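Here's the structure, in structure tokens; my notes come after.
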Amino acid sequence: MLEVAGLRSGYGRLEILRGASLRLPAGSIVGLIGPNGAGKSTLLKTIFGYLRPFAGAITLEGRSLVGLRPDQIMQLGVGFVAQAGGLFADMTVHENLLVGGYSLGSRGELRAALEDVYARFPLFRERRQQPAASLSGGEQRALALARALVIRPRVLLLDEPSAALAPRFIEEVYETIRALNRSGIALLIVEQNVEMILSVAHRVFVLDLGRNAFDGTPAELRGSDRIRRLYLGEGSRAGIPA
Amino acid sequence: MSGARFRSLRRLVLCAGGVVVALLPALAPHPFVLSLATQAVIWALLASSWDLLSGYTGQISFGHAGFFALGAYTAAGMAKHLGLSPWLGLLLGTGGAALVGVGVGFPALRLRGHYLALVTLALAELIRLSAQNWLSVTGGPFGMYDFGTFPGLPAGAVARAQATYLLVVAVVAGAVAVMLYVCRRTRAGQAFRAIREDEVLAESLGINTTVYKLLAFALSSGFAGLAGGLYAFYIQLVSPTVASAATTSLVIGMAVFGGLGTIWGPALGALLLFAVNEALRFVGVVYNLVAVGLTIMVFVIFLPRGLAGLALRRQRLTVRRDALRAEEDAEPGQPEQVTGATPSAEDPRSTA
Amino acid sequence: MVLGGLYALFAVGLTLIFGVLDVINVAHGEFFAVGGYLVFAALVLLHLPPAAGVAVAGLGAFLLGLAVYPLLIGPLKRRLGRRPAGSLYLVLTLGLSTFLQSSLLAVAGGEYVRVPPLVSGILEIGSTGVSHQRLLVVTVAALLLAGLFAFLRWHREGLAVRAVAQNPEAAQAMGISLTRIFVLTLGLGAGLAGVGGALMAPLFNVYPAVGFPLTIKAFAITILGGMGNLVGALLASLIIGVAESLVVMAIPSQWQNGVAFVVMIIVLLLRPQGLLGRATSR
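Protein chains in written order, with my numbering: chain A, 643 to 884; chain B, 985 to 1336; chain C, 2 to 283.
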């Protein structure tokens, strides 16, 4: 569904991605892991149009995304949840969701979409008027997800959904991710928390120094001693290499 | 053209320019031309002084007209009210402006970017208000006149104009030379550049940003005051309009035109822009400011490094080409160097 | 009170622009001046009724503001890419200010332009009389500002404006076109200033540089209220307006303008984030 091939990208003249590729089949969950600075977030941001690639191809169901702005890519049914959520802190829960539905045509559509989201996240129905900044970390992350779902995307790009969350909240977030996938959404998830992503993904790509280092099913990754040592934090190289 | 050869070509051009400037009294012994040239040179000093603080050290001042006015009023006032010699007046004007500059610098230490610009703008306005309303000292809206001029000038219009011109050029050239020396060859200059690039990093490297920022303020405002004093004795009239926003605008326009962060760029820009300004006066006094505004806008967008940038761009292009070649030679799989030129001292907007 | 209302129209627009675009519009005063000249043209040259005159002024300033982003700020933004802008936007708007002011000078001349009152008559309150003109200023200002706040609070586009002000990247992810919001914001800010100019024209003389002292004062006001905070700007406008009126009784009126500057300097030294701003600067 979403294909990235030979992508080179970066900031200004600083090249971070040096030819990365991946595929996200429809309805699947694909994980993207790798050491810090490998370019995982950069890849996600480039796909969504925040960065313009130096070279390479990005296609969504055959249609090229290169050169499109984020608000245009979003109209094609792609949602993006930034690291740390990117909520509108001075707005209420309800207002955040309203903005999520900005692109919907009619008020009827907007109302129906919001209803669906509240149905999926009943917690927010009670907290509608609460300022978003007053929610707990886990609730904020869930709100960011909920906001991205208002437009019923077919693809969701998540940048470190578990970052800075307590373990209990991480579980909840990933439960939601599983549920979303069951309802047909394809998810591309960048993660530092390797264990969690291995538990949900159908396929995982490993990025190192801006290039693909490995890709396979979670089982294949776990099965390879080398990968376990280098990227899964076991063995002599404990922790993620800088 | 390689970088080194280009540098020497540029030096040649600058020397040629310097010769023309020095010989102007002989080349064009006409009081009117010399008068314009003298004013242009004073503006060059003002523009360079602004650049020292704002372009080179990154402390944006929107109120340099204020320091200019301080220097002018102090010099004139000392001569008129206290009967001091103009040289002493000049010195006091410079010193006074420098002191105020340091005074402004203290609170400025805590302010960033636009806050600093706004405060300096307000300060200049306060100075202008004072000039306008403090009748006993400043002569109010009509200003001060009748305070004499440089002593020891020859009689006769042409000779006088020539002598004045040479005098002013000598002082200004000296001042600009001092600024260039400080910026290029002393540790202070290094500190200034470091502060502009990344203040936090500079602090962590052990650079005492406080001292150097205050030094930049002192130098910059002092030289602006010197320009003001020269202006006062040259024009022999000081009025509140010297502290107006139009003055600041003109100065910034000259600096942007010539090239921020280079010291010599704004001086050059001032000379050229002043010439254009005066030429346009024949069309109508009003239109020259319109042109200044247009110039600022166009240059900020398309030529942010000004004329100096045009000169430097070739140098940067060659460096970049060499860097790219080095990258291609590197084997695939090796961690590659960051591409692009390393920030040079004359590039006020190097990428982060 | 009149001053407060006027300052509010002006400062709120300026704050809006800063909050959304992160650009300080040094040329804001020129939108005010344009409004003054437009109302003059409408009333004296075209003999339109006062209401139409004000509308023309506001609309004209609005259109002028719309042009600023596509012509100036947008191109600079594109050329900068991700590089830090430093003082460049400031210098750019300074250039715009110079350009507009001297263009007005070129087109309209430097003499004061007198605009007749939009409404005549005096309202007696106790022992003092307040001219209807002044009441009009306060009323219209209040209505416009209320309208603006309502727009931002409830209208879909107003919500989008707030979103862009708080988090431009997230706003993009919601399908909001940043360019459109930037253009709209500049237009709104300019339009407010233009209406202010039109309303004030009968009370003060109109001349090309009339906007400048107001601009500096507006900077002081926005700093006092907290940069980027609309309610803060509103409050600070009223405070400064009242303060100036009170201070005039104690010191000579020429120094009246200095009040705002002194306030600004004090605020920056003691509490840089202003009354309602957050502690971390943007």
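Even for Gly, the Cβ is constructed at its ideal location relative to N, Cα and C.
Please read these numbers as outputs of a predicted model, since none were measured by experiment.
Might you give, ordered along the chain, the residues of its own chain that have their beta carbon closer than 6 Å to the beta carbon of residue i, omitting 5 neighbours on each side?
i: B:I1280; result: G1237, V1240
i: C:G59; result: G192, G195, V196
i: A:R889; result: For chain A, the structure presents residues 643 to 884; residue 889 of chain A sits outside this window and is missing.
i: C:G242; result: L4, G5, Y8
i: C:G82; result: none
i: C:G212; result: G30, E31, F33, A34
i: C:F152; result: G159
Report back the beta-carbon spacing between residue i and residue j to the nearest angstrom; my notes put them in contact at under 8 Å.
i: A:G691; j: A:L649; result: Actually they do not touch by this definition, with Cβ atoms about 13 Å apart.
i: B:F1046; j: B:A1081; result: Their Cβ separation, rounded to whole angstroms, is 16 Å, which puts B:F1046 and B:A1081 out of contact at 8 Å.
i: B:V1222; j: B:G1127; result: 5 Å
i: B:S1204; j: B:L1037; result: 4 Å
i: C:F41; j: C:F11; result: Actually they do not touch by this definition, with Cβ atoms about 19 Å apart.
List the DSSP bridge partners of residue i.
i: A:E657; result: A:G652
i: A:L644; result: A:L666, A:L702
i: B:F1126; result: According to DSSP, B:F1126 bridges with nothing at all.
i: C:N230; result: Partner(s): none; C:N230 has no beta bridge.
i: A:G709; result: A:G709 pairs with nothing; no bridge assigned.
i: A:F856; result: A:V848
i: A:F722; result: A:L799
i: A:V672; result: A:L830, A:R845
i: B:V1103; result: According to DSSP, which records beta bridges pairwise, B:V1103 is partnered with nothing at all.
i: A:P773; result: A:T734
Distance check for residue j and residue i, CA to CA, integer angstroms please.
i: A:L800; j: A:L849; result: 16 Å
i: A:P860; j: A:E657; result: 29 Å
i: A:S663; j: A:T701; result: 11 Å
i: B:A1314; j: A:F696; result: Any answer about B:A1314 is weak, because its pLDDT of 48 lies below 50 and its placement is not dependable; what the coordinates show is given next. Those two C-alpha atoms are separated by around 19 Å.
i: A:R711; j: A:L718; result: 11 Å
i: A:V832; j: A:Q725; result: 9 Å
i: B:I1111; j: C:G259; result: 10 Å
i: C:L160; j: C:A166; result: 10 Å
i: A:R647; j: A:G826; result: Strictly speaking, residue 647 of chain A in this sequence is Ala, with Arg absent from that position. So the two alpha carbons sit approximately 24 Å from each other.
i: B:R1168; j: B:L1273; result: 33 Å
i: B:L1363; j: B:L1093; result: Outside the displayed span of chain B (985 to 1336) sits residue 1363 of chain B, for which this structure offers no information.
i: B:F1090; j: B:L1198; result: 7 Å
i: A:R762; j: A:S841; result: 23 Å
i: A:A886; j: A:S670; result: For chain A, the structure presents residues 643 to 884; residue 886 of chain A sits outside this window and is missing.
i: B:G1290; j: A:L863; result: 55 Å
i: B:L1257; j: B:L1264; result: 10 Å
i: C:V24; j: C:P169; result: 14 Å
i: B:L1210; j: A:N678; result: 54 Å
i: C:M250; j: B:A1115; result: 22 Å
I want to verify the contact list: residues of chain C whose CB lies under 7 Å from the CB of residue i, in sequence order.
i: B:A1229; result: F213
i: A:S776; result: Ordered by position in chain C, no residue passes the 7 Å Cβ test against A:S776, which lies about 15 Å from the chain.
i: B:Y1040; result: Within chain C, no residue comes near B:Y1040; the closest Cβ sits about 12 Å away, beyond 7 Å.
i: A:L740; result: L160
Please list, in chain order, all residues of the same chain as residue i whose beta carbon is under 7 Å from its beta carbon, the five residues on each side excluded.
i: B:S1183; result: Per the sequence shown, residue 1183 of chain B should be read as Glu rather than Ser. Excluding sequence neighbours, B:E1183 sits near T1193.
i: C:L187; result: I18, G66, L67, V69, Y70
i: B:S1233; result: V1276
i: B:T941; result: The requested residue 941 of chain B does not occur in the structure, where chain B is confined to residues 985 to 1336.
i: B:G1293; result: G1243, L1287
Run down chain B in chain order and give the residues with a C-beta less than 7 Å from the C-beta of residue i.
i: C:T99; result: S1233, L1273, V1276, G1277, I1280
i: C:N258; result: L1113
i: C:L146; result: What C:L146 touches in chain B: nothing, since even the nearest Cβ is about 23 Å away.
i: C:S103; result: V1270, L1273, V1274, G1277
Show which residues of chain C have a CB atom less than 8 Å away from the CB atom of residue i.
i: B:G1079; result: What B:G1079 touches in chain C: nothing, since even the nearest Cβ is about 23 Å away.
i: B:G1067; result: The contacting residues do not exist; B:G1067 stays about 29 Å from chain C at best.
i: A:F722; result: A174
i: B:V1103; result: M265, I266, L269
Listing by chain order, which chain C residues have their CB less than 9 Å from the CB of residue i?
i: A:S745; result: M175, G176, I177
i: A:M838; result: Within 9 Å Cβ-Cβ: nothing; A:M838 doesn't reach chain C, min ~23 Å.
Just the chain B side, please: which residues come within less than 9 Å of residue i by C-beta, in chain order?
i: C:G96; result: S1233, I1236, G1237, V1240, V1276, G1277, L1278, T1279, I1280, M1281, V1282, F1283, V1284
Going along the chain, which residues of its own chain have a beta-carbon closer than 8 Å to the beta-carbon of residue i, five neighbours each way excluded?
i: B:V1284; result: V1240
i: A:T688; result: L649, S651, L659, R694, P695, I700
What does residue i reach in chain A if we use C-beta pairs closer than 9 Å?
i: C:E31; result: None at all; the shortest Cβ gap to chain A is about 31 Å.
i: C:Q286; result: Absent from the structure is residue 286 of chain C, since the part of chain C shown begins at 2 and ends at 283.
Note down, in chain order, every chain A residue with its Cβ under 7 Å from the Cβ of residue i.
i: C:A164; result: F730, V741
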